[in-house]
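Asks: Here it is, the structure, as structure tokens.
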Amino acid sequence: MSARALQQPLPLRVTSNAFLALWCLIAAFPIFWIMVQSFKTPVDAYDSNALNVILGPETLARGHGMSVLQILLGLGAVWLTIRLASRTLPAFVRGSLEGGLQWFGWIIGSTVLGIGSVLALFGLVPWISEILNPFLGPLGTDVLGLTTEHYKTVWIERGFFRNFQNSLLITAGVVTISLSVGTLAGYGLARSGSKLAFWILIVALIFRALPHSVLVAGYLPVFINSSEWLAPILGENAPTLYGKPFAVIAVLVAINQPFTIWMLRSFFQNIPAELDEAARVDGCSHFQAFRRVIMPVMWPGVITTGLFSFLLAYNDFLVTSLLLDAQNQTMVPAIAGMFNRETTTTDQVVAVAAAVSITAPLFFLVMVFQRQIVSGLTAGAVKG
Amino acid sequence: MKFKTFAAFIGPSVFMMLLFIAFPLVSVFQQSFYITQPIYELVDVETCTPGFLTQTCVTETQSMPTLDEHGEIITQTEFVGLQSYRNVLELGRAWEALSAGSWTAFQSIDFWKALRFTLSFTLITLPLVICAGLGIAVMINNATKAVRGPVIFISLLPFIITPVIGALSINWLFRGDGILTAALEWYLQRDIAMFAQAWTIEILMMFYRVWHVAPFAAIVFYAGLQTVNQDSLESAIIDGASRWQRLKYIIIPHLMPLIVFISMIHLMDSYRVFEEIVGFSSQGHVISLQWLTYDFLVPDQAGNRSISRASASAMLTMIGIALLLVPLLRRTWRDHHGGH
């Protein structure tokens, strides 16, 4: 059959692409806008003229600005980051590292790239342009108002760094534990055709639908009084579980389990069972077959599931805001506290800067792992 | 696989789910019938104020929480049956309002207000998400190969963003004289306050939810579009089917299992609507069922959490979940017994 018959008439193609462009605008605009706002002084950030918000005349007047050279350098750095994150890093990790080592490759690679791009954008580019600006005449004068003062306020004065550390601790804990528990269960469920396995999956499906506030209503009284009922077992040093990061990690792992085992099971089912049979014939036990034969080919699935565990833990508001005290608070509940007391416009822009700080790692994540995220979204669905 | 090996593999996961999901569920069910309160006792308190010649002393009886020897408040837990449910449902007030025909009075009761919003939110966003997702998927499929990657990248952003932050970012576009409110005011030549009444907030919340979930639907549908049988499309063309007919009679039936899948996931997730309330700080006007439970759990000014009322409202929320799950479970059951 000729491709011509399937070819679409020009007007249809144009309309379709126009709507697609409109969708991209709608999808990106709110995120783009808070990013722009976070770099401006309050007067500019809340100007009713969009052009003033983007160009930032008031910010420029206060002496915070970028020259044409600096803009070009900045765009170059951003382009380089995108290029490295979406092409070079995945190709490198996939090409030169094997199986289990890919883990470390991904983590170390993206951390280095993330820190590197922040340093390049906020350190290297201003430094170079400061040296070169005086020699360049019109290219060296400031044209675009930009300031990083709100980020300094958020991260240094408001102690957002502490929240960042807490978020890091909790997400790292959740991802590691839920993957190690989940891969075992996913493998067991994929390879067993028994009635019990089926029922466990059904119950997991029911658990997935539960609102998290229902579960938290169950944890709260138990956690707050835990030093009383743990005392007979642990003696004097029985901890109060309320406010402890490890308790929250356990809770989030459990909430995450139903989703994790469903997803991992569907990845394991894609690996032919002949592979473990062959290993069993060669004298491996089930566990050895799992560890030496199946896991090395499972890494793509594990990484994809790990991404979704990461998102759940990182994005959580309800559980962390109710079960952690102010000292151990993670970033998302902390920002909710921040915008609730926003009174001046400066406070508002500071809250915007905090919101952008939370979004930046996610943005980076999509860049590096776009392929894995798409495969994870379709894994459960296409098979029904 | 022998049962023992199977148990060893799934053991840790099942243990965690039992301990942190099944057990809390049972304990919430139990808590909803009990109430824990401080014990109050009546104490005669004599307050004296200086007066001329003698002090003026007044003795009055006050109810004070009883303290134990460490100076902590003694609490007691008692069985109250369905009292907490009655406190949440306020059936008497609800019935009065309904028989008086006053919808406003009915909607001033928190539970019914939350239920009304949760249901309308779920049912209105469902078709919007499916249509937007399908539309975006078809458009991505139409586009040239070179732009698909970047478009999927941009489409993933609303999906992956932290829900509270996503809601906030849309909130900030409209809050006060936000850029889009300013644009609307300029276009309509009138003053607009997006956050002064409930219905505008609800529209923004629904818009946010569609914006957040449509990419997920779009990517799933896009993957489904890759597997459409080209032969049936060709025969349809030979038979003279128009583009619209091909979409209606070949592509949509092919995607039907995916549409059902997305609908199920979306029903479950949007019934739990919560982050929107936080992100749009709409609790003054609009609340949802899950937010109601959350609100009972947050300590009030005196530092008390109304655990039993939270449990009751949680159990009431569960009824809706159970209703939603029945078709999903029936489908999984059929797949499992028909497919294997």
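First to last, the sequence lines map onto chains W and Y. 53 is the number that the numbering used here gives to position 53 of the first sequence; each next residue is one higher, with no gaps. 680 is the number that the numbering used here gives to position 296 of the second sequence; each next residue is one higher, with no gaps. Cβ atoms here follow ideal geometry from the backbone N, Cα and C, with glycine treated the same way. Computed from a predicted structure; not experimentally measured.
Using C-beta distances below 7 Å, list every residue in its chain close to Met367(W), excluding the 5 sequence neighbours before and after it, in chain order.
Replies: Ile82, Ala85 and Ser86
Asks: Among Val682(Y), Ser492(Y) and Val464(Y), which one has its Cα closest to the Cα of Arg477(Y)?
Replies: Ser492(Y)
Asks: Tell me Tyr492(Y)'s beta-bridge partners as DSSP assigns them.
Replies: The residue you asked about is not Tyr; residue 492(Y) is Ser in the sequence shown. Answer by DSSP bridge pairing: none, since Ser492(Y) is not bridged.
Asks: Can you check the region 200-231 of chain W for any alpha helix (DSSP H) of at least 4 residues that lies completely inside it and give the ranges in chain order?
Replies: 212-224
Asks: Within 10 angstroms of its Cβ, does Tyr633(Y) collect 16 or more other Cβ (buried), or is it exposed?
Replies: With fewer than 16 Cβ atoms within 10 Å of its Cβ, Tyr633(Y) is classed as exposed.
Asks: Would you tell me roughly how many angstroms separate the C-alpha atoms of Leu275(W) and Ala289(W), rounded to the nearest one?
Replies: 9 Å
Asks: Following the continuous alpha helix (DSSP H) through Glu58(W), name the residue where it begins and the one where it ends.
Replies: Pro57 to Ala61
Asks: Output yes if chain Y places a C-beta closer than 8 Å to the C-beta of Val366(W); else output no.
Replies: Chain Y, which has a Cβ nearer than 8 Å to the Cβ of Val366(W), makes this yes.
Asks: Phe317(W) touches chain Y at which residues, Cβ-Cβ below 7 Å?
Replies: Val548, Glu659 and Val662
Asks: Looking at chain Y, is there any beta carbon in it that lies within less than 8 Å of the beta carbon of Leu146(W)?
Replies: no
Asks: At the 8 Å Cβ level, is Gly337(W) part of the contact set with chain Y, yes or no?
Replies: Under the 8 Å criterion on CB atoms, Gly337(W) is classed as non-interfacial with respect to chain Y.
Asks: What did DSSP end up calling Thr15(W) once you bin it into helix, strand or coil?
Replies: helix
Asks: At a CB distance below 7 Å, what residues from the region 28-48 of chain W approach chain Y? Give them in sequence order.
Replies: Ala28, Pro30, Ile31, Trp33, Ile34, Tyr46 and Ser48
Asks: At 9 Å on the CB atoms, spell out the chain Y contacts of Asn17(W), in chain order.
Replies: Met523, Asn526, Ala527, Thr528 and Val531, listed in chain order.
Asks: Okay, do the region 294-310 of chain W and the region 513-526 of chain Y touch, 3+ Cβ pairs below 8 Å being the bar?
Replies: no
Asks: Starting from Glu430(Y) and walking both ways along the beta strand (DSSP E), at which residues does that stretch end?
Replies: Element bounds for Glu430(Y): Tyr424 to Thr433.
Asks: Listed in chain order, which residues of the region 662-696 of chain Y have Cβ atoms closer than 9 Å to some Cβ of chain W?
Replies: Val662, Gly663, Ser665, Leu673, Gln674, Trp675, Leu676, Thr677, Tyr678, Phe680, Leu681, Val682, Arg689, Ile691, Ala694 and Ser695
Asks: On the DSSP bridge assignment, give the partners of Val442(Y) in chain order.
Replies: Thr431(Y)
Asks: Who are the near neighbours of Ala77(W) in its chain, counting only those whose CB is closer than 8 Å to its CB and skipping five residues on each side?
Replies: Ser117, Ala120, Leu121, Leu124 and Val125
Asks: Establish whether the CB of Gly243(W) and some CB of chain Y are separated by less than 8 Å.
Replies: no
Asks: Decide if Arg714(Y) is buried, meaning its Cβ has at least 16 other Cβ atoms within 10 Å, or exposed.
Replies: exposed
Asks: At the 8 Å Cβ level, is Leu713(Y) part of the contact set with chain W, yes or no?
Replies: yes
Asks: Answer with buried or exposed for Pro711(Y), where buried requires no fewer than 16 other C-beta atoms within 10 angstroms of its C-beta.
Replies: Pro711(Y) counts as exposed, since fewer than 16 other beta carbons sit within 10 angstroms of its beta carbon.
Asks: Is Leu451(Y) helix, strand or coil when you go by DSSP?
Replies: strand
Asks: Taking the C-alpha atoms as reference points, what is the distance between Arg656(Y) and Ala254(W)?
Replies: 18 Å
Asks: Per the contact definition of three or more C-beta pairs closer than 8 Å, is the region 531-538 of chain Y in contact with the region 21-39 of chain W?
Replies: With three or more CB-CB distances shorter than 8 Å, the region 21-39 of chain W counts as touching the region 531-538 of chain Y.
Asks: Have a look at Ile549(Y) and Val332(W) and give me their C-alpha separation to the nearest angstrom.
Replies: 8 Å
Asks: Leaving out five residues on either side along the sequence, give the residues of the same chain with a beta carbon under 8 Å from the beta carbon of Ala336(W).
Replies: Phe317 and Ser321
Asks: What are the boundary residues of the alpha helix (DSSP H) that includes Phe317(W)?
Replies: It is not in any alpha helix (DSSP H) - Phe317(W) carries neither H nor E in the DSSP assignment.
Asks: Does DSSP classify Phe463(Y) as helix, strand or coil?
Replies: strand
Asks: Using beta-carbon positions only, say whether Val412(Y) and Ala698(Y) come within less than 8 Å of one another.
Replies: The beta carbons of Val412(Y) and Ala698(Y) sit closer together than 8 Å.
Asks: Which partner residues does Met66(W) have in the DSSP bridge list?
Replies: DSSP output for Met66(W) lists Leu144(W) as bridge partner(s).
Asks: For Phe537(Y), go through chain W and note every residue whose CB falls closer than 9 Å to its CB, in chain order.
Replies: Ser86, Val366, Met367 and Gln370
Asks: Locate the alpha helix (DSSP H) running through His638(Y), then write down its first and last residues.
Replies: Ile636 to Tyr655
Asks: Run through DSSP, which three-state label would Gly384(W) get?
Replies: With a pLDDT of 38 at Gly384(W), under the threshold of 50, the modelled position of this residue cannot be trusted, and the question is left open.
Asks: Give the DSSP bridge partners of Thr420(Y), in chain order.
Replies: Thr461(Y)
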